[in-house]
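Notes follow the structure.
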Amino acid sequence: MRQPVPFGKYLLLDRISVGGMAEVFKAKSYGVEGFEKIIAIKRILPTMGEDRDFIKMFIDEAKIAGQLAHANICQIFELGRIDGSHFIAMEYIFGKDLLQIQNRLRKLKQPMPVQMACFSMAKVLEGLDYAHRKRDPLGRPLEIVHRDCSPQNVLVSYEGEVKVIDFGIAKATSRNSRTMAGVLKGKFGYMSPEQVRGLPLDRRSDIFALGTMLYECMTGERLFQGETDFSTLEKVRNVDIRPPREINPNIPEAVEKVILKALAKDVDDRYQWCSEMLADLQQ
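In our numbering, the protein residues as written are 1 to 283.
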């Protein structure tokens with residue numbers, strides 16, 4: 001964008017990213033007495049404006065994430081509609097996502113430093129543990145499951161903040177709609193075995209994805225990556241894992257145990273809560 005563009009009460013400064021369904025802008029909001037705040041605006045692309053399923057998913061993202069107030073979850077300020085286009089106003093994080101950081105390290109042919117990987121994952125675990133335990137105003141568990149935990153959905157600011165983003169396909173008991181059985185949502189290489197099979201999901205599916213992410217941070221290599229989407233899904237389904245210390249001997253044995261427990265094929269053999277994984281990771 002060469003010039004800022006007005007968008008309702010906001011001013012769009014720069015387009016940060018664009019995907020097949022939505023675009024994200026760095027923007028500015030204004031208030032009285034010269035108040036200004038830099039935020040991010042996520043807006044549905046015009047080509048998706050008539051897609052009811054996507055619009056429903058977009059609205060669900062705002063409603064679910066809007067209930068969450070935690071230092072390690074991107075804050076949602078507003079769900080709105082301008083000129084027929086739905087948008088979400090959210091916290092702006094000045095930094096890079098975990099995938100960009102990993103890609104940079106791969107070019108340097110080195111894994112992420114152990115302390116950095118553990119710190120980043122600890123913050124993600126704190127944010128998701130909060131989301132998993134969240135209750136409604138009547139005290140009933142919302143049973144939120146992110147379902148799309150991946151490096152692209154973890155932002156690391158230049159000040160060292162770590163934020164989980166994009167609850168676009170998250171599921172909560174408060175939602176009226178239900179994902180159809182057998183419909184795969186999420187990035188294939190970060191799915192859980194039960195997600196690939198189209199089985200009911202709970203928080204332990206997110207924990208498996210976090211195990212995949214920690215494995216990749218520590219080794220510098222993709223864990224589940226096939227030549228085709230189908231072969232990738234088969235790798236996830238079979239959970240065929242090379243011990244991470246065989247790739248990077250600098251990984252502490254205790255951290256390897258954390259990774260492998262998070263990646264257990266049977267959900268009952270995994271950590272049951274993010275807080276349990278966090279406790280072992282911090283020992």
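Glycine included, C-beta positions come from ideal geometry on N, C-alpha and C.
By the neighbour-count criterion, in which a residue is buried when 16 or more other Cβ atoms sit within 10 angstroms of its Cβ, Leu-210 is buried. The stretch 68-140 is shown to contain whole beta strand (DSSP E) runs of 3 or more residues at 76-82, 85-91, 95-97, in chain order. In this structure, Arg-204 and Val-267 form a Cβ contact; the two beta carbons are roughly 4 angstroms apart against a cut-off of 8 angstroms. Taking a contact as a CB-CB distance under 8 angstroms, the pair Ser-29 and Lys-42 does not count as one, their CB atoms being some 14 angstroms apart. In this structure the stretch 83-96 does not lie against the stretch 192-202, because fewer than three pairs of beta carbons, one per stretch, are closer than 8 angstroms. Where Arg-43 is concerned, the enclosing beta strand (DSSP E) starts and stops at 36-44. As computed with DSSP, Glu-23 is found in a beta bridge with Val-18, Arg-43. Cβ neighbours of Arg-197 within its own chain (closer than 8 angstroms, five residues either side excluded): Arg-237. Residue state for Phe-7 is assigned as strand, using DSSP reduced to three classes. In the structure shown, Leu-13 falls within a strand segment according to DSSP collapsed to helix, strand and coil.
For the pair Gly-220 and Gln-115, the CB atoms are not nearer than the 9 angstroms cut-off. In the three-state reduction of the DSSP assignment, Tyr-30 falls in the strand class, which pools E and B. Cα atoms of Pro-137 and Gln-67: separation of roughly 10 angstroms, rounded to the nearest angstrom. For Leu-155, the three-state secondary structure derived from DSSP is strand.
Proximity of the stretch 124-132 to the stretch 66-82 meets the contact definition, three or more beta-carbon pairs being nearer than 8 angstroms.
Boundaries of the alpha helix (DSSP H) harbouring Val-258: 253-262, taken from the DSSP string. Lys-163 sits in a strand when the DSSP states are folded into three classes. A Cβ-Cβ contact shorter than 9 angstroms links Lys-163 with Glu-91. Using a C-beta cut-off of 8 angstroms, the stretch 143-153 makes no contact with the stretch 248-255, since fewer than three inter-stretch Cβ pairs fall below that distance.
Linking Gly-160 to Lys-123 through their CA atoms gives a straight-line distance of about 10 angstroms. In this structure Ile-165 is not in contact with Cys-274, their Cβ atoms being roughly 17 angstroms apart against a cut-off of 8 angstroms. Secondary structure at Val-196: helix, using DSSP grouped into helix, strand and coil.
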